[in-house]
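No gaps in the numbering here: position 14 of the sequence shown is 87 in my numbering, and each next residue is one more.
First the structure, in the form of structure tokens, and then the observations on it.
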Amino acid sequence: LFFGSLLLISCGESEKSTEKNVIGNPIPVTVIELAKGDFASAISASGNWTTNDETILSFKVGGIVSKIYVEEGDQIRKGQLLAALNLTEIEAGLSQAKIAFAKAERDYGRASRLYEDSVATLEQKQNAETALEIAKEQLRAIEFNFQFAQIRASQNGFVLRKFLNEGQQASAGSPVFQTNGANDDSWVLEVAVNDLNWSLIQEGDSAQIEVGSKTKEFLAGNVSRKSQSADPVTGAFSIEVAPEKSEKLNLASGMFGRAKIFPSRQDNGWEIPYEALL
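Below you can see the structure in the form of structure tokens.
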């Protein structure tokens, strides 16, 4: 009988303790009235700095790389000589084309004189004239290719990558340098956004760009371009944010950056405070 009484007392105390924990102390809250309206929220995104004029430079013809005049990271000027091929084989081809053109000129002159003397036929004269034109165009093509046995900078900027070294075989059109026009202040921050944010962002929307993670330097900018297709791998859309041209930036291609974009397009809906959701 005594054991049964203790058990009933223990169960009663346990139920009271549980009831207190459930009820607890009242929590003060603030109730606000929600109204539907137009609003726009800032869109935060991150990406990498790049330029719109990154260029892959290559030789027009194949050959052995004779000389490389620049290294990765070097500053370059428009028209500056960057690399050259060994010209032995190319000059031989040019000499052959000049000899063939000279022979075609002699053949045409001889055929013209014989035709005037009624020794050669009109067809023979015309065939010699055709051969002369073919030799002339072949010479022009080789002279054109001879000019592109060298690589010259197409713009002011920097050498981002160098793909070949001296003594290597370069095939026609194979990449030798990757350059950009950083000296022309053409930097843009390329960020990725989802399809919903992409539809809200318009070209010309204002933005705030964070340059460095340590200095927390912010620049004013705007949306300069938005892609019209998604990345096939990530499914994200690309947005380019350009800083004001007057800003002097100390940047390198591929450097990380952040941007806060302020869409001019507004949505109509319910705006709920973040604290209420939290």
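Quick reminder that beta carbons are idealized off the backbone N, C-alpha and C, glycines included.
For residue 333, the first and last residue of its enclosing beta strand (DSSP E): Taking the sequence shown and counting its residues from 1, the one referred to as residue 333 is at position 260. Boundaries of the beta strand (DSSP E) around residue 333: 329-335.
Residues that residue 277 bridges to, as DSSP identifies them: Locating residue 277 in the sequence shown gives position 204, counting from the first residue. Per DSSP, none; premise fails for residue 277.
The beta strand (DSSP E) spanning residue 171 covers which residue range? Stepping through the sequence shown from its first residue, residue 171 is reached at position 98. That residue, residue 171, is in no beta strand (DSSP E); its alpha helix (DSSP H) goes 161-189.
Between the region 145-164 and the region 217-236, do three or more beta carbon pairs fall short of 8 Å? yes
Give the secondary structure of residue 252 by DSSP, where H, G and I count as helix, E and B as strand, and everything else as coil. Against the sequence shown, residue 252 aligns to sequence position 179. In the structure shown, residue 252 sits in a strand (DSSP, three-state: E or B).
For a test of the three-state rule: what should DSSP assign to residue 271, helix, strand or coil? Within the sequence shown, numbered from 1, the residue matching residue 271 stands at position 198. Residue 271: helix per DSSP, three-state reduction.
What separation, rounded to the nearest whole angstrom, lies between the Cα atoms of residue 200 and residue 304? Numbered from its first residue, the sequence shown carries residue 200 at position 127. Numbered from its first residue, the sequence shown carries residue 304 at position 231. If you take the alpha carbons of residue 200 and residue 304, they lie about 57 Å apart.
Do you know whose CA, among 129, 114, 316 and 101, lies nearest residue 339's CA? Residue 339 sits at position 266 when you count from the first residue of the sequence shown. For residue 339, the nearest C-alpha among the options comes from 114.
Go ahead and label residue 347 buried or exposed: buried means 16 or more other beta carbons lie within 10 angstroms of its beta carbon, across all protein chains shown. As a first step, residue 347 is located in the sequence shown; it is residue number 274 there, counting from the start. It is exposed - the Cβ of residue 347 has fewer than 16 other Cβ atoms within 10 Å.
Answer with buried or exposed for residue 222, where buried requires no fewer than 16 other C-beta atoms within 10 angstroms of its C-beta. Counting from one through the sequence shown, the residue named residue 222 turns up at place 149. Label assigned to residue 222: buried.
For residue 155, the three-state DSSP class (helix, strand or coil): As a first step, residue 155 must be located in the sequence shown, where it is residue number 82. If DSSP states are grouped into helix, strand and coil, residue 155 belongs with the strands.
Might you give, ordered along the chain, the residues of its own chain that have their beta carbon closer than 6 Å to the beta carbon of residue 266, omitting 5 neighbours on each side? The sequence position of residue 266 within the sequence shown is 193, counting from 1. The residues are 118, 310 and 312.
State the Cα-Cα distance for the pair residue 319 and residue 122, rounded to the nearest angstrom. The count along the sequence shown starts at 1 and reaches residue 319 at position 246. The count along the sequence shown starts at 1 and reaches residue 122 at position 49. For residue 319, the predicted structure reports a pLDDT of 49, less than 50, and the residue's modelled location is therefore unreliable. The matter cannot be settled from this model.
On the criterion of 16 or more Cβ atoms from any shown chain inside 10 Å, does residue 252 qualify as buried, or is it exposed? As a working mapping, residue 252 is identified with position 179 in the sequence shown. Looking at its Cβ environment, which holds 16 or more other Cβ atoms inside 10 Å, residue 252 is buried.
Among 215, 306, 332 and 100, which one has its Cα closest to the Cα of residue 283? Start at 1 with the first residue of the sequence shown, and residue 283 comes out as number 210. Here the closest residue by C-alpha is 332.
Where the alpha helix (DSSP H) containing residue 207 begins and where it ends: The residue labelled residue 207 in the question sits at position 134 within the sequence shown. For residue 207, the uninterrupted alpha helix (DSSP H) segment begins and ends at 195-220.
Please confirm whether residue 176 and residue 188 have their CB atoms less than 9 Å apart. Taking the sequence shown and counting its residues from 1, the one referred to as residue 176 is at position 103. Taking the sequence shown and counting its residues from 1, the one referred to as residue 188 is at position 115. Cβ distance not < 9 Å, so residue 176 and residue 188 don't count as in contact.
Helix, strand or coil: how does DSSP classify residue 263 here? Stepping through the sequence shown from its first residue, residue 263 is reached at position 190. In this structure, residue 263 counts as strand in the three-state DSSP scheme.
Residues near residue 315 by beta carbon distance below 6 Å, same chain, minus five either side: In the sequence shown, the residue the question calls residue 315 occupies position 242. Closer than 6 Å at Cβ, skipping near neighbours: 261, 294 and 297.
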